[in-house]
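For reference, the structure is listed below as structure tokens.
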Amino acid sequence: MRNWKARLVTRVLHVWFALSRGMTLGVRAAAFDDQGRVFLVRHSYVPGWHMPGGGVERGETLAQALEKELREEGNLQIFGEPELFAVYFNRRTSVRDHVAFYRCRVRQTAPKLADREILEAGFFPLDGLPKGVTAATRRRLAELSGDQAASDEW
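Under the UniProt record's numbering, the first residue of the sequence shown carries the number 1, and numbering increases by one thereafter.
This is the structure:
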């Protein structure tokens with residue numbers, strides 16, 4: 001369960017988005033390195049470990065947003081073609097929010113240092129995820145591995 005600060009920040013952002021957009025659309029990625037480890041981030045404004053991602057801006061393609069978010073949140077560079085795994089309705093965030101979820105292979109160009117948005121980031125083996133990985137992140141990884149049927153909702 002998210003804390004009240006995270007819910008407040010999310011609500012304020014989505015009220016602003018509602019004024020500027022008819023629907024919100026985001027991207028997230030299960031970004032794997034050559035060793036099969038997944039890259040996760042811990043944000044300053046919501047609890048837990050998440051896969052990197054963010055909003056798609058006006059005039060931006062999904063591919064451009066994905067590349068931008070991976071670069072900003074992890075100094076990650078995609079190699080190969082990212083695979084669109086699913087598009088989810090994110091009812092918990094907003095009745096207007098959708099997330100395009102990708103699987104991709106990445107290289108890190110430099111370590112990601114903490115900043116105002118990202119407190120921690122790193123690659124983790126699937127059998128050694130850090131404490132505090134969100135339930136949604138665990139569900140997406142289970143879907144990717146085939147251990148769980150894909151859902152329509154984030």
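Positions of the beta carbon are idealized from the N, C-alpha and C atoms, including for glycine.
Being a predicted model, the structure only gives us computed values, none of them experimental.
Cα-Cα separation between alanine 65 and methionine 23, rounded to whole angstroms: 16 Å
Where the beta strand (DSSP E) containing arginine 42 begins and where it ends: That run of the beta strand (DSSP E) goes 38-43.
C-alpha distance - threonine 109 paired with alanine 31, whole-angstrom precision: 14 Å
Start and end residues, beta strand (DSSP E) containing threonine 24: 24-32
Counterpart residues of glutamate 120 in DSSP-defined beta bridges: Arg42
Endpoints, the beta strand (DSSP E) within which alanine 100 is located: 97-108
8 Å Cβ shell around phenylalanine 79 - same chain, five flanking residues per side excluded: Arg105, Val106, Arg107
Distance CB(valine 38)-CB(phenylalanine 124) smaller than 7 Å: yes
Option in Gly146, Val41, Ala6 with minimal Cα separation from glycine 132: Out of Gly146, Val41, Ala6, the CA that lies nearest to the CA of glycine 132 is found in Val41.
Distance CB(glutamate 67)-CB(proline 52) smaller than 7 Å: no
Alanine 135 burial status per 10 Å Cβ neighbour count (16 or more: buried): exposed
CA-to-CA distance, threonine 61 to lysine 112, given in whole angstroms: Between lysine 112 and threonine 61, the alpha-carbon positions lie close to 25 Å from each other.
Nearest-angstrom Cα separation, counted from alanine 149 out to threonine 10: 28 Å
Nearest-angstrom Cα separation, counted from proline 82 out to methionine 1: With a pLDDT of 47 at methionine 1, under the threshold of 50, the predicted position of this residue should be treated as unreliable, though the coordinate-derived value follows. Counting only the Cα atoms, proline 82 lies some 31 Å from methionine 1.
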